[in-house]
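Since the structure comes first, as C-alpha coordinates, the remarks are kept for the end.
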Amino acid sequence: MQNHKYIFLLFIVATICACDLHLIPENKYLGKLPGIAARYKHEINQLKNEAEATDDLNKAYKLMKHAEKKEKQANREIEQNWELMSKPVNLAFEQKSMGEFEITGLKISEAKYNYLVLVATAIIKKGNTRLFANIVAIDKNGKTLGESSVLISERNPKKGKECSFYGSLKNLDQLSNFRKIRFFKKQKP
(Lines of atoms letter the chains of each structure in order from A; the text may use other names.)
(Lines give C-alpha, C1' and ligand atoms only; values in the text may rest on other atoms or scores of the structure.)
Protein backbone atom coordinates (compact mmCIF):
# COMPACT_ATOMS: atom_id res chain seq x y z
CA MET A 292 0.00 0.00 0.00
CA GLN A 293 2.86 2.35 0.86
CA ASN A 294 4.34 1.85 -2.64
CA HIS A 295 1.04 2.84 -4.28
CA LYS A 296 0.98 6.12 -2.36
CA TYR A 297 4.59 6.80 -3.35
CA ILE A 298 3.90 6.02 -7.03
CA PHE A 299 0.76 8.17 -6.98
CA LEU A 300 2.69 11.07 -5.42
CA LEU A 301 5.44 10.69 -8.02
CA PHE A 302 2.82 10.69 -10.79
CA ILE A 303 1.30 13.94 -9.42
CA VAL A 304 4.72 15.66 -9.27
CA ALA A 305 5.61 14.52 -12.82
CA THR A 306 2.23 15.76 -14.11
CA ILE A 307 2.73 19.17 -12.49
CA CYS A 308 6.22 19.47 -13.98
CA ALA A 309 4.97 18.46 -17.44
CA CYS A 310 2.07 20.89 -17.23
CA ASP A 311 4.43 23.69 -16.18
CA LEU A 312 6.39 23.25 -19.44
CA HIS A 313 3.15 23.41 -21.46
CA LEU A 314 2.19 26.72 -19.79
CA ILE A 315 5.24 28.46 -21.24
CA PRO A 316 4.13 30.68 -24.13
CA GLU A 317 5.57 29.80 -27.51
CA ASN A 318 6.87 32.36 -29.99
CA LYS A 319 6.44 31.52 -33.69
CA TYR A 320 10.15 32.20 -34.40
CA LEU A 321 11.92 31.52 -31.09
CA GLY A 322 9.81 28.71 -29.66
CA LYS A 323 9.67 28.49 -25.87
CA LEU A 324 13.07 30.15 -25.36
CA PRO A 325 11.72 33.62 -24.37
CA GLY A 326 9.14 32.12 -22.01
CA ILE A 327 11.71 29.94 -20.26
CA ALA A 328 14.11 32.87 -19.94
CA ALA A 329 11.34 35.11 -18.54
CA ARG A 330 10.32 32.53 -15.93
CA TYR A 331 13.88 32.08 -14.71
CA LYS A 332 14.73 35.78 -14.84
CA HIS A 333 11.81 36.53 -12.52
CA GLU A 334 12.91 33.85 -10.04
CA ILE A 335 16.57 34.92 -10.17
CA ASN A 336 15.75 38.60 -9.74
CA GLN A 337 13.57 37.75 -6.74
CA LEU A 338 16.44 35.87 -5.08
CA LYS A 339 18.93 38.67 -5.82
CA ASN A 340 16.55 41.33 -4.50
CA GLU A 341 16.04 39.35 -1.29
CA ALA A 342 19.83 39.02 -0.92
CA GLU A 343 20.32 42.76 -1.34
CA ALA A 344 17.53 43.57 1.11
CA THR A 345 18.79 41.46 4.00
CA ASP A 346 21.31 42.52 6.64
CA ASP A 347 22.16 38.88 7.37
CA LEU A 348 25.35 38.15 5.38
CA ASN A 349 24.92 34.39 5.71
CA LYS A 350 21.37 34.57 4.32
CA ALA A 351 22.49 36.91 1.50
CA TYR A 352 25.28 34.48 0.57
CA LYS A 353 22.86 31.53 0.46
CA LEU A 354 20.36 33.49 -1.64
CA MET A 355 23.07 34.50 -4.14
CA LYS A 356 24.30 30.89 -4.36
CA HIS A 357 20.71 29.80 -5.00
CA ALA A 358 20.44 32.47 -7.74
CA GLU A 359 23.65 31.13 -9.34
CA LYS A 360 22.19 27.60 -9.32
CA LYS A 361 19.00 28.92 -10.93
CA GLU A 362 21.07 30.61 -13.68
CA LYS A 363 22.84 27.32 -14.42
CA GLN A 364 19.50 25.50 -14.43
CA ALA A 365 18.07 28.15 -16.78
CA ASN A 366 21.02 27.77 -19.12
CA ARG A 367 20.57 23.98 -19.22
CA GLU A 368 16.85 24.28 -19.95
CA ILE A 369 17.40 26.91 -22.67
CA GLU A 370 20.11 24.76 -24.26
CA GLN A 371 17.88 21.64 -24.13
CA ASN A 372 15.03 23.50 -25.83
CA TRP A 373 17.46 24.98 -28.35
CA GLU A 374 18.63 21.48 -29.27
CA LEU A 375 15.02 20.44 -29.97
CA MET A 376 14.47 23.28 -32.46
CA SER A 377 14.85 22.65 -36.21
CA LYS A 378 18.10 24.08 -37.52
CA PRO A 379 19.04 26.45 -38.99
CA VAL A 380 16.87 28.97 -37.14
CA ASN A 381 16.72 31.76 -39.69
CA LEU A 382 15.27 35.06 -38.53
CA ALA A 383 13.26 37.59 -40.47
CA PHE A 384 14.92 40.99 -40.72
CA GLU A 385 14.56 44.42 -42.26
CA GLN A 386 17.19 46.98 -43.14
CA LYS A 387 17.40 50.53 -44.31
CA SER A 388 20.27 51.50 -46.59
CA MET A 389 23.30 50.28 -44.67
CA GLY A 390 25.77 51.97 -47.04
CA GLU A 391 28.86 49.79 -46.71
CA PHE A 392 27.07 46.43 -46.86
CA GLU A 393 23.74 44.70 -47.51
CA ILE A 394 22.51 41.99 -45.14
CA THR A 395 21.49 38.82 -46.99
CA GLY A 396 20.74 36.43 -44.11
CA LEU A 397 20.45 36.15 -40.34
CA LYS A 398 20.34 33.08 -38.12
CA ILE A 399 20.70 32.02 -34.51
CA SER A 400 23.84 29.96 -33.95
CA GLU A 401 23.39 29.37 -30.22
CA ALA A 402 20.95 30.05 -27.38
CA LYS A 403 21.97 30.70 -23.78
CA TYR A 404 20.21 31.97 -20.69
CA ASN A 405 18.87 35.39 -21.62
CA TYR A 406 20.71 35.88 -24.91
CA LEU A 407 20.96 34.56 -28.46
CA VAL A 408 24.18 34.30 -30.47
CA LEU A 409 23.54 35.61 -34.00
CA VAL A 410 25.35 35.29 -37.32
CA ALA A 411 24.45 37.55 -40.23
CA THR A 412 25.75 37.32 -43.77
CA ALA A 413 26.22 40.36 -45.95
CA ILE A 414 27.55 41.45 -49.32
CA ILE A 415 30.23 44.09 -48.83
CA LYS A 416 29.85 47.30 -50.87
CA LYS A 417 32.90 49.09 -49.46
CA GLY A 418 35.93 47.29 -48.03
CA ASN A 419 36.99 48.32 -44.54
CA THR A 420 39.04 46.99 -41.63
CA ARG A 421 35.94 46.15 -39.57
CA LEU A 422 32.23 46.85 -40.05
CA PHE A 423 29.45 47.17 -37.49
CA ALA A 424 25.75 46.39 -37.84
CA ASN A 425 23.37 47.82 -35.25
CA ILE A 426 20.32 45.68 -34.52
CA VAL A 427 17.19 45.71 -32.44
CA ALA A 428 14.39 43.14 -32.03
CA ILE A 429 10.89 44.32 -32.92
CA ASP A 430 7.36 42.94 -32.63
CA LYS A 431 4.66 42.80 -35.32
CA ASN A 432 3.78 46.47 -34.67
CA GLY A 433 7.38 47.66 -35.02
CA LYS A 434 7.78 48.20 -31.27
CA THR A 435 11.31 47.73 -29.93
CA LEU A 436 11.84 44.72 -27.66
CA GLY A 437 14.78 44.79 -25.25
CA GLU A 438 17.99 46.67 -25.94
CA SER A 439 19.78 47.33 -29.22
CA SER A 440 22.99 45.45 -29.93
CA VAL A 441 25.86 45.40 -32.42
CA LEU A 442 27.09 42.68 -34.76
CA ILE A 443 30.75 42.91 -35.79
CA SER A 444 32.14 41.76 -39.15
CA GLU A 445 35.08 39.52 -39.84
CA ARG A 446 38.35 41.40 -40.24
CA ASN A 447 39.13 43.07 -43.57
CA PRO A 448 35.95 42.37 -45.52
CA LYS A 449 36.48 42.63 -49.29
CA LYS A 450 34.28 44.67 -51.61
CA GLY A 451 31.84 42.49 -53.57
CA LYS A 452 32.40 39.46 -51.33
CA GLU A 453 30.20 37.83 -48.74
CA CYS A 454 31.14 38.44 -45.13
CA SER A 455 29.83 37.22 -41.77
CA PHE A 456 28.89 39.40 -38.81
CA TYR A 457 28.82 38.01 -35.26
CA GLY A 458 27.20 39.15 -32.04
CA SER A 459 24.46 38.55 -29.55
CA LEU A 460 20.97 39.74 -28.78
CA LYS A 461 20.40 40.13 -25.05
CA ASN A 462 17.17 40.15 -23.05
CA LEU A 463 15.78 36.87 -24.41
CA ASP A 464 13.19 37.13 -21.63
CA GLN A 465 11.67 40.19 -23.37
CA LEU A 466 11.26 38.55 -26.79
CA SER A 467 7.97 36.68 -26.33
CA ASN A 468 6.37 38.93 -29.00
CA PHE A 469 9.40 38.81 -31.32
CA ARG A 470 8.71 39.21 -35.04
CA LYS A 471 12.02 40.25 -36.66
CA ILE A 472 15.35 42.03 -36.36
CA ARG A 473 15.78 45.58 -37.61
CA PHE A 474 19.23 46.58 -38.86
CA PHE A 475 19.94 50.30 -38.63
CA LYS A 476 22.74 52.82 -38.99
CA LYS A 477 23.78 54.47 -35.76
CA GLN A 478 23.19 58.21 -35.96
CA LYS A 479 26.22 60.34 -35.21
CA PRO A 480 25.70 62.47 -32.07
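So that you can map any letter, position 180 of the sequence shown is 471 in our numbering, and since no number is skipped, the others follow by simple counting.
Backbone N, C-alpha and C define an ideal beta-carbon position, used for all residues, glycine too.
Quick caveat, the model's predicted, so the values are computed rather than measured.
- Here DSSP, grouped into helix, strand and coil, assigns TYR320 to coil.
- Shown here, GLY418 sits in coil according to DSSP, grouped into three states, outside any helix or strand.
- Only exposed fits ILE443, as fewer than 16 other CB atoms lie within 10 angstroms of its CB.
- Cβ contact annotation for PRO448 (same chain, cutoff 7 Å, sequence separation greater than five): ILE415, GLY418, ASN419, LEU422 and CYS454, in chain order.
- When DSSP states are grouped into helix, strand and coil, ARG330 belongs to the helix group.
- For ILE369, the enclosing alpha helix (DSSP H) stretches over residues 348-375.
- Inclusion of LEU407 and ASN381 in the CB contact set at 8 Å is not warranted, their separation being larger than that value.
- ASN432 carries a coil assignment under DSSP once its states are collapsed to helix, strand and coil.
- Here DSSP, grouped into helix, strand and coil, assigns ALA411 to strand.
- In this structure, DSSP gives ASN425 an extended state, which the three-state scheme calls strand.
- DSSP lists PHE474 as the beta-bridge partner residues of GLN386.
- By the Cβ criterion, the stretch 362-375 is not in contact with the stretch 339-352, since fewer than three pairs of Cβ atoms, one from each stretch, lie closer than 8 Å.
- Measuring C-alpha to C-alpha distances from LYS360 to each of LYS378, LEU375, GLY437 and LYS332 identifies LYS332 as the nearest.
- ARG470 sits close to LYS431, with the two beta carbons spaced by under 8 Å.
- Looking at the DSSP output, ASN381 bridges to LYS398.
- Residue burial annotation: LYS323 is buried, with at least 16 other C-beta atoms found within 10 angstroms of its C-beta.
- When Cβ pairs closer than 8 Å are counted between the two stretches, the stretch 384-398 is seen not to touch the stretch 349-357, the count staying below three.
- If you ignore the 5 residues before and after LEU321, its C-beta comes within less than 7 Å of the C-beta of LEU466 and PHE469, all in its own chain and listed in chain order.
- When secondary structure is reduced to three states using DSSP, GLU438 falls in the strand class.
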